[in-house]
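Heads up: the sequence shown is residues 6 to 224, going by this note's numbering.
Right, one structure below, let's go through it.
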Amino acid sequence: MSNIKENIEQIRQQLAHSQVKIIAVTKYYGVDRLIEAYDVGLRDFGENKVLDAINKIESLPQNIRDDSTFHLIGHLQSNKVKKAVKYFDIIHSVDSLKLAQKIDVEAKAINKCQKILLQVNYAKEESKTGFSVEGLFEAYPEIRKLKNVKIEGLMTMAPKSMSENELYALFDGVKKLKFELNSKYEDSIEELSMGMSQDYLEAVKCGSTIIRLGKKIFD
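Here it is as structure tokens:
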């Protein structure tokens, strides 16, 4: 447990003046490592793949399951929506109106209001999914009408090859999108899920409220 505890302490010292939420990304790590992270105080856990996550969640002691928040941060296929809605508290990777509508249907079926984030492909990477800026403004008014979906905020991923200045521009751009949506629709979405192990410090400086850390915590 020593490396996880030391890593978390270092991260918390770096973020001492921030209220940012840390998600421990456990996609490459087993249940035992998740429990170690829980034991040093983390309560938010992120997974990329629905079925892998379900196996881990169901293997956890009940008290940890009940006391933790589970985030789906990877691409969600439509045929996995029903299971995702059942097991995840927040889905970060909603990248189309069609997917949001599917989530709404499945959430209604179990009398749940599913919290979601809208994924924005701000860097226009062909290898990544997510709304374009134009697509986000087209889909947003339709998604916000859904009764069993609650938009909590926006999510984005930065290309690994970006310079520090480019990272600041990207993260600041997504923050401005949040403000524009809130202003246009008189909404109060708050969350910005921005920043991973290689760029979380830049993301936090730009107003990120959620960072997604894997290697930084577990390696």
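Beta carbons: idealized from backbone N, C-alpha and C, even for Gly.
With which residues is residue 74 paired in a DSSP beta bridge?
Paired residues: 49.
Cβ-Cβ separation, residue 54 to residue 86 (assumed contact under 8 Å), whole Å
Actually they are not in contact, since the Cβ atoms of residue 86 and residue 54 sit about 14 Å apart, beyond 8 Å.
The alpha helix (DSSP H) with residue 106 in it runs from where to where?
Annotation for residue 106: the continuous alpha helix (DSSP H) segment containing it runs 102–114.
Count the other CB atoms, across all protein chains shown, that sit within 10 Å of the CB of residue 56; report buried if there are 16 or more and exposed otherwise.
So residue 56 counts as exposed.
Distance, Cα to Cα, residue 117 vs residue 153?
Rounded to the nearest angstrom, the gap between the Cα atoms of residue 117 and residue 153 is 6 Å.
Buried or exposed by the 16-neighbour rule on C-beta atoms within 10 Å, applied to residue 126
Per the 10 Å Cβ criterion, buried.
Have a look at residue 168 and residue 194 and give me their C-alpha separation to the nearest angstrom.
The alpha-carbon atoms of residue 168 and residue 194 are separated by roughly 29 Å.
Please classify residue 198: does DSSP put it in a helix, a strand, or coil?
DSSP places residue 198 in strand when its eight states are reduced to three.
What's the gap between the Cα of residue 214 and the Cα of residue 159?
One C-alpha to the other measures close to 10 Å.
Compute the Euclidean distance between the alpha carbons of residue 64 and residue 93, then round it to the nearest angstrom.
C-alpha separation (whole angstroms): 15 Å.
Which of the three DSSP states is assigned to residue 90 in this structure?
In the three-state reduction of the DSSP assignment, residue 90 falls in the helix class.
Could you compute how far the alpha carbon of residue 44 sits from the alpha carbon of residue 58?
Within the model, the alpha-carbon separation for residue 44 versus residue 58 is close to 19 Å.
What residues in its chain sit with their C-beta under 6 Å from that of residue 172, if we drop five residues either side in the sequence?
Excluding sequence positions up to five before and after residue 172, its CB lies within less than 6 Å of the CB of 163, 204, 207, all in the same chain and listed in chain order.
Hey, could you find the ends of the beta strand (DSSP E) residue 130 is sitting in?
From DSSP, residue 130 is part of no beta strand (DSSP E); its letter is neither H nor E.
Apart from the five residues just before and just after residue 6, which ones in its own chain have a Cβ nearer than 6 Å to its Cβ?
Because residue 6 carries a pLDDT of 49, less than 50, the predicted location of this residue cannot be relied on, and no value is offered for it.
Spatial distance of residue 128 from residue 119 (CA atoms)
Per the coordinates, the alpha-carbon of residue 128 lies some 27 Å from the alpha-carbon of residue 119.
Run of the beta strand (DSSP E) containing residue 218, from where it starts to where it stops
Secondary structure note for residue 218: its beta strand (DSSP E) is the uninterrupted segment 215–218.
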